[in-house]
Every structure is written in structure tokens, then in C-alpha cells.
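Here the structure comes first, spelled out in C-alpha cells, and everything after it is commentary.
Numbering (the working numbering), first residue to last: 13 to 234.
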């Protein structure tokens, strides 16, 4: 398989796939504009634009190891492009996570250690669940969302697409976090939210600026 991304998350993904999966990582890939090195961990770093010329898509999986840059838009775009190229998106679920047999985990997901995904919970495509996250019974996390460490989505709760949930936040049971929302670290969401808003505090309240105004640290590399 090939890891798309050579930043911190790319390095983390490499170590997890190496030590806790049956996959064999053969290369990294980065868009030409952002590629600053030729190798990483002794493996080649390939231009993403020509990746399919270097590695046969039918024989290689990919994992897009980009965090929440531009409210997950960068990871989402590269995930879609990798699929268009014919690569099979690969998910990682830690051997130290608990994912119930009737739960669903989509493509290009990364489920860290000590996460719990309970019965009939659903995790969409291209989702990151950082360590200690709990997605409880029949809860849903929408596609292209990034959930930070120790967050809790209570039973029957719903998190929309392209959201960012900060560390130690909590979404109450039966509550819906709308698409494109940012939930700050430690926030407690007890009511349904509006799309594209930033919520902080306990109980969580929206800020005046939208999530699109923050764009989640746009000046930093993924």
C-alpha cells in the first residue's frame, strides 16, 4: 500500500501500519507542489499526480494521511482523486480498539487505540477517530470528519460530514451536529447545531464567525 502524505500524520500512519497491520507500505506520495523530500523511512516519496504510473492501482491500496486541513477538504479531495485513479482506499483499525461486529467503518478511516465503536454505530468514509474516542450505540459519524482524542458521541447521536470535533468534547444522545461544524475542545453539545458554525463551551454555544472563516489552521502543512 501507499501512504498519501509525508507530514506527522503520514509518519504516524506508517508506524501503525508497520507494527499493527498486515499491510506492507511501499511508498509515500505527495502532491508535487508540496513534495520536499525524495524518501522517508527508506521508502520513495512519489508525486501524487503520477502515482498510478509508478504503482499499479489494481495491486495497491492507499491511505490518505492528511488531518483536518481546510476543514478536511484536502483529505477529502485526495481521497476522491485516489479512488478516481483506481486505487483501493485502505482503513486501519487498531488491534487495541473495540469495534462491535455489527458496527460499520467506511473506507480510508483511521481508528486509533482505545477507541470504542459500539453496536450498530456507523462511521462514514474518510473519518479519523483519534485515540480514546467513543462512538456509542447507534451513533453516526459522517464522512470526511476528524474526531480528536477522547471525544464522545453518545447513543443515537449524529455528527455530520466534514466536521472537526476537538479533544474531550461530548455530543449528547439523540443530538445532531450539522455538516461543516467545529466543536471546540471540551465543549458539551446538548442541542442540535447549525451547519458551518463553531461551537465552544459547556453547554456549547456558537461563535459569531463560521467554521469556513477559521478553515482550521490553513497556513500549516497537513
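Even glycine gets a Cβ: it sits at the ideal position worked out from N, Cα and C.
- Contact between the stretch 59-78 and the stretch 19-37 is present, with at least three C-beta pairs closer than 8 angstroms.
- A direct Cα-Cα distance of roughly 6 angstroms separates residue 140 from residue 121.
- In this structure residue 182 touches residue 200 by the C-beta definition: roughly 5 angstroms separates them, less than 8 angstroms.
- Secondary structure note for residue 179: it is in no alpha helix (DSSP H), with a DSSP letter that is neither H nor E.
- At a Cβ-Cβ threshold of 7 angstroms, residue 133 and residue 115 count as neighbours.
- Where residue 125 is concerned, there is no enclosing beta strand (DSSP E), because DSSP gives it neither an H nor an E.
- With a cutoff of 7 angstroms on beta-carbon distance, residue 168 and residue 185 are scored as near each other.
- For residue 15, the enclosing beta strand (DSSP E) has its first and last residue at 14-16.
- The C-beta distance from residue 17 to residue 42 rounds to 7 angstroms, short enough to meet the 8 angstroms contact threshold.
- Here residue 173 has 154, 155, 156 and 191 as same chain residues with Cβ atoms under 6 angstroms from its own Cβ, once five neighbours each way along the sequence are excluded.
- Taken in chain order, the unbroken stretches of beta strand (DSSP E) that lie wholly in the stretch 159-218 and span 3 residues or more are 209-212.
- Within the same chain, Cβ atoms closer than 6 angstroms to the Cβ of residue 129 are found at 111, 115 and 147, the five residues on either side in sequence being excluded.
- Within the stretch 19-68, the complete beta strand (DSSP E) segments at least 3 residues long are 39-42 and 55-59, listed from N- to C-terminus.
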